[in-house]
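If you're matching positions, the sequence shown starts at 582 in our numbering and goes up one per residue. Note sheet for the following structure.
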Amino acid sequence: MTRTRRPVVAGWFTDDTAPEAEFRLLGTRCTACASVFFPREDDWCRNPGCPGGGTLAEVPLSPRGRVWSYTDGRYRPPAPYVSDPDVPWEPYTLVAVELAAEAMVVLGQAAPGVTTDDLAVGAEVEVVPGVLNEDDRHTWTTWHWRPVAREERS
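Rendered as structure tokens:
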């Protein structure tokens, strides 16, 4: 059976079937005050200092940033978190990434295989497409953060 690819949250990132170099998180920017929001804001500017009157335009966020903080999840969270108790718990790594151009920190899971041993505060990472979960009908897509290899850094 073929699974349909579906984003976990529509509109938060580009199509994950595009080349990896083109994959981006999508935010919005206020045309009045230039504030950038992620998760995206489509109704009004959340900046209390905004002079108002601006519209919110979709913008791709920087594809690379610097590790601001990180941690690992080594236990199954309690309810209301939903998980199959018959499936063994797999630890995962969470990364908070500072995007300098947008003046924000974005949280996300590290790419599969990346552990806290592979990260350091200030290290450069890039956003890549990922899979959160699969069921009989869907592959639920998301984003992950992956360390940038030394030879790729510019």
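The beta-carbon is built from N, C-alpha and C at its ideal position, and this holds for glycine as well.
Asked                                                                                                                                                           : Found
Going along the chain, which residues of its own chain have a beta-carbon closer than 7 Å to the beta-carbon of residue 638, five neighbours each way excluded? : 609, 610 and 612
So which of 706, 711, 654 and 619 has the shortest CA-CA distance to residue 721?                                                                               : 711
Excluding sequence positions up to five away, which residues of its chain have a Cβ less than 6 Å from the Cβ of residue 752?                                   : It is not possible to answer for residue 752, since the shown part of the chain is limited to 582 through 735.
Any idea what DSSP makes of residue 638, helix, strand or coil?                                                                                                 : strand
Given a cut-off of 7 Å on the beta-carbon distance, is the pair residue 691 and residue 726 in contact?                                                         : yes
Can residue 651 and residue 696 be called in contact, C-beta distance under 7 Å?                                                                                : no
Does the distance from the CB of residue 605 to the CB of residue 595 come in under 7 Å?                                                                        : yes
Rounded C-beta distance between residue 715 and residue 644? I'm assuming under 8 Å.                                                                            : The pair is not a contact, with the Cβ atoms about 25 Å apart (cut-off 8 Å).
Taking buried to mean at least 16 other C-beta atoms within 10 Å of its own C-beta, is residue 646 buried or exposed?                                           : buried
Please state whether the Cβ-Cβ distance between residue 636 and residue 653 is less than 7 Å.                                                                   : no
Helix, strand or coil, according to DSSP, for residue 715 in the structure here?                                                                                : strand
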